[in-house]
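Just so you know, we're using the UniProt record's numbering here: the sequence shown kicks off at 1 and counts up by one.
Ideal Cβ placement from N, Cα and C applies to all residues, glycine included.
Below you'll find the structure, written out as structure tokens, and then a few comments.
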Amino acid sequence: MYTPESGRGLPAVAFGHDWLTGVHRYRRVLEHLASWGIVAAAPDTERGLAPSVLNLAFDLGTALDIVAGVRLGSGTISVHPAKLGLVGHGFGGSAAVFAAAGMPDKPAAVAAVFPAVTEPPAEQPAATLTVPGVIFSAPQDPKSLRSNAIELARAWSTATVRVIHKAQPAGLAEGRRLTQAIGLGGPHRKTQAAVRALLTGYLLYAVGGDTTYREFADPSVRLPKTRPVDSAAASASLEEKVVALLKS
């Protein structure tokens, strides 16, 4: 868990990790959120080869219950029960969607960072969501077999898509990962820096209620480090995704 030094009624998020990626690989992004006054809890569960997206979703909801229900640190930190959000990367991005759909008291917002295909599909619970959300996508995601960013956006009517220029979906995690051995990529500092900035701004407004950062949640605003959604690429077929994979 990462917290500011002190503060009352703070916003908080639960953060879901990607496949085969421990939460220690997200130290910088979690510390960055805390430095901006956002409590960040990251359950380090479901790290095996065949993790359950539903179990991680449950753990994310539990993490939010805990941070909202107790004083943190030495008792100088508390979380506002109406300022709760869910965030996840890759596999954890889809888990965050499942968690939001299953919570009786809905979160203020959800952020799916380069979300990945899961079984069952996250598009099913996404179609039931009415809470605001943001989906961070990479330019190559529409033709990626692993990404469900475009499909998730189609199902989730209240979500905004932000395509991060030159982003690498696996690059958010820090340090070497087991997934690099199967070609899923390693850390990418420019991706990490862009996500930290865009995610923090979004959460400060959508979860924390700070209107200074309203533009981060406005779909009509073009933010730095982002590019428009490619409507032609968004319609890539399964065959096109396979061809793109073979060429890579």
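For residue i, the three-state DSSP class (helix, strand or coil)
| i | result |
| --- | --- |
| P4 | coil |
| L198 | helix |
| G16 | strand |
| G85 | strand |
| L152 | helix |
| A41 | strand |
| G9 | strand |
| A108 | coil |
| A167 | coil |
| A217 | helix |
| S157 | coil |
| R176 | coil |
| V29 | helix |
| L204 | helix |
| H24 | helix |
| R189 | helix |
Residue of the options minimising C-alpha distance to residue i
| i | options | result |
| --- | --- | --- |
| S35 | L152, I150, Y2, V131 | Y2 |
| P139 | A153, P169, I38 | P169 |
| T76 | P107, V39, I164 | V39 |
| K143 | L84, D59, V117 | V117 |
| L86 | V221, G186, H17, T191 | H17 |
| L152 | T211, E215, P120, L199 | P120 |
Residue burial classification, residue i (beta-carbon count within 10 angstroms, cutoff 16)
| i | result |
| --- | --- |
| L219 | Note that residue 219 corresponds to Pro in the displayed sequence, not to Leu. Under this definition P219 is an exposed residue. |
| G9 | exposed |
| L64 | buried |
| L56 | buried |
| L245 | Because the pLDDT of L245 is 47, which lies under 50, any placement of that residue in the model is unreliable, and the question is left without a value. |
| S248 | Legend: pLDDT at S248 = 46, less than 50; position of this residue unreliable, value from coordinates given subsequently. S248 should be labelled exposed. |
Below-9 angstroms beta-carbon distance, residue i vs any chain B residue
| i | result |
| --- | --- |
| V23 | Looking at the structure shown, chain B is missing, and only one protein chain is on hand. |
One or two residues paired with residue i in a DSSP bridge
| i | result |
| --- | --- |
| F91 | Beta-bridge pairing links F91 to no other residue. |
| S52 | Answer is none; S52 lacks a bridge partner. |
| A116 | S147 |
| S137 | V163 |
| I77 | G7, L72 |
| T62 | Paired residues: none, contrary to the question. |
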